[in-house]
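Asks: Listed in order, the protein sequences are those of chains Y and C.
Quick note: the first sequence, position 87, residue 86 per numbering that gives the first Met the number 0, numbers continuous.
Quick note: the second sequence, position 67, residue 66 per numbering that gives the first Met the number 0, numbers continuous.
So that we are looking at the same thing, I have put the structure below in structure tokens.
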Amino acid sequence: MAVRAKRRNSFEIQLATVRALFLRELQTRFGSQDLRLGYLWVLLEPIFQVLLLLVMFSFILARHVPAMDYSVFLLTGILPWFMFSRSVNRALGAVEGNRGLLNYRPVLPVDIAIARTVLELVIYFIVYVLLMLVVAWFGLLDGISDIPLLLFVWFAIAIFAFGFSLIMMVVGHFSGEIGKLVAVLLSVLYFASGIIFPVQIIPEQYLQYLLWNPLIHAFETARYAVNDHYPIYHIDFGYFLKSTLVLMVIGLLVYKFRERRMMTT
Amino acid sequence: MIELKHLTKSYTTPKGRHYLFKDLNAVLPEGKSVGLLGRNGAGKSTLLRIIGGIDYADSGEIVSNSTISWPIGLAGGFQGSLTGRQNARFVSRLYVPEAAVAEKVAFVEEFAEIGKYFDMPVKSYSSGMKSRLTFGLSMAFEFDYYLVDEVTAVGDAKFRQKSANLMAQLRERSSFIVVSHNLKELEKQCDVGLLLLDGQATFFDDIVEAVKVYEANVLAKK
């Protein structure tokens, strides 16, 4: 018969819970028995998406960007974007979609948001590394200028995504309608984040408004980390970090304020 | 021991605020199993969830340092595309350290007796198999209190016998908080009773007494 489990402190419980949710989500999304490809699918799905976009934009539109091949430019913007938008989209319905999980006392809504953001970070970072290796194999990449900076930017975007997800989780629970609106706004943000074109081609009088979007600063800094000849006039990574901090504080506050409400039927 | 302090729970309805209970106070004594009685919609299941810490009252609090299970027989947390084993492993990870997970999963596998279905997606299970899995999972962990919400006997005669034996064994060290409309079963399983009636809760030291009052009230209203 079972031994009465020893008391764990709340940090140990949260860590174990996030880990359990992470593994469950990983298995659910990609390791289920229906898909014989199993865990390989984790990587194949985003790879196909990116390849499609790459073919569309680099051959059909024949874009040129300074200091790097267009494929490197696109990969370095679109993969962190996928990480961000996936986390946020899933956060919108996270509370209603996981009612069943909240029946287990150790599971708090914030744990679901953490597990998902970590999962998206892991998936898209691995895809990024793999695709960059493929691009390098084709001779389109001349090394990485600043690997620590690149890693740090990825990490910062994940934190940014988490703060934003917390807010979206609360908003999505508060009103499904607003949630749908946010999903639409996200697709607008996609075009306003300098993912498929370099922001330097935008006329100065419009650029100043675009630069309010913190994500532009993160993606452009990531490109600068890949190749330090990449021009980053007007780009301020400090602004992105400050925005991340503000988002985290707001996210944690609204979450804490609404946590019980989200768990109440 | 579980102390319910000034609990108030209400819902807004189109016709105004509906109170399940107002300023509910009770002390559920150590080592006693509790039967929750009340009509449909009186708030028994909600109270059970509030005691379990997975729902919240509008005001008031639950004071306890006992460990409390999730509602037994609950299948809501299962992911249909995952196997019984994967689901069991997930729940085990929530409640015990990683080193003890394998032992818990082995217990569930043995107890549920669903053979190779244990390694098939839960959505392919019959309702009987799903019940065996959920019940086995609840029994794998030791809590001070088990929450039982209208669990009707599941499985065939042999499985029911096995479940009854295990629950009797658990009863030596743990207590049950039971919601049921089967009054005979309640009298058998519980020691004390909590009756929810018209937004008021009354505590009875003796479940038989609680059942009597409940019956008198329900019959009188008809």
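Ideal placement from N, C-alpha and C gives every residue a C-beta, glycine not left out.
Please read all numbers here as calculations on a predicted model, not as lab measurements.
Using the Cβ count rule (16 or more neighbours within 10 Å means buried), how would you classify Y/V2?
Replies: Its pLDDT being 43, under 50, Y/V2 is placed unreliably by the model, and nothing is read from it.
Asks: Which whole runs of the beta strand (DSSP E) in the stretch 94-178 of chain Y are 3 residues long or more, in chain order?
Replies: DSSP runs (the beta strand (DSSP E)) wholly in the stretch 94-178 of chain Y: none.
Asks: Hey, could you find the ends of the beta strand (DSSP E) C/V178 is sitting in?
Replies: Start and end: 174-178.
Asks: Report yes or no: do three or more beta-carbon pairs, one from the stretch 114-121 of chain Y and one from the stretch 81-91 of chain C, lie closer than 8 Å?
Replies: Judged by Cβ distances under 8 Å, the stretch 114-121 of chain Y makes no contact with the stretch 81-91 of chain C, as fewer than three pairs qualify.
Asks: Do C/S9 and C/D57 have their CB atoms nearer than 8 Å?
Replies: Yes; because the gap between Cβ atoms is below 8 Å, this pair is in contact.
Asks: Do you know whose CA, among Y/L51, Y/G96, Y/T264, lies nearest Y/L130's CA?
Replies: Selected option, being the one with the closest Cα: Y/L51.
Asks: Buried or exposed: where does Y/L180 fall if 16 or more other Cβ atoms within 10 Å of its Cβ makes it buried?
Replies: Exposed, because fewer than 16 other Cβ atoms sit within 10 Å of the Cβ of Y/L180.
Asks: Does chain Y have any CB closer than 8 Å to the CB of C/D197?
Replies: False, the Cβ-Cβ gap to chain Y never drops below 8 Å.
Asks: For a contact meaning CB atoms closer than 9 Å, what does Y/V169 contact in chain C?
Replies: Going along chain C, no residue has its Cβ under 9 Å from Y/V169, so there is no contact; the nearest lies around 16 Å.
Asks: I want to know whether the stretch 7-18 of chain Y touches the stretch 86-95 of chain Y - three or more CB-CB distances under 8 Å.
Replies: Contact fails: fewer than three Cβ-Cβ distances are below 8 Å.
Asks: Please confirm whether Y/F72 and Y/V64 have their CB atoms less than 8 Å apart.
Replies: A contact, by the Cβ cut-off of 8 Å.
Asks: Between C/L193 and chain Y, is any beta-carbon pair separated by less than 8 Å?
Replies: Cβ-Cβ to chain Y under 8 Å: no for C/L193.
Asks: Take the Cβ of Y/R260 as the centre, count every other Cβ of all protein chains shown within 10 Å, and call the residue buried at 16 or more, exposed below.
Replies: When all chains shown are included, Y/R260 counts as exposed.
Asks: Secondary structure at C/E29, three-state DSSP: helix, strand or coil?
Replies: Looking at C/E29 - three-state DSSP - the assignment turns out to be coil, as it is neither helix nor strand.
Asks: I'd like the span of the alpha helix (DSSP H) that includes Y/S242, first residue to last.
Replies: Run containing Y/S242: 236-262, per the alpha helix (DSSP H) assignment.
Asks: Take Y/Q48 and list the residues in its own chain whose beta-carbon comes closer than 8 Å to its own, dropping the five residues that flank it on each side.
Replies: F81.
Asks: What does the Cβ neighbour count give for C/R48, buried or exposed, with the cut at 16 atoms within 10 Å?
Replies: Classification of C/R48: buried, given that the 10 Å Cβ count is 16 or more.
Asks: Beta-carbon of C/L73 versus every beta-carbon of chain Y: anything under 8 Å?
Replies: C/L73 counts as touching chain Y.
Asks: So is C/G76 in contact with chain Y if we call contact Cβ pairs under 8 Å?
Replies: So yes, C/G76 belongs to the interface.
Asks: Less than 7 Å between C-beta atoms, sequence neighbours within five positions excluded: which residues of the same chain meet that for C/D204?
Replies: Once the five neighbours on either side are set aside, the close Cβ partners of C/D204 are V191.
Asks: Rounded to whole angstroms, what is the Cα-Cα separation between C/H17 and C/T11?
Replies: One C-alpha to the other measures close to 6 Å.
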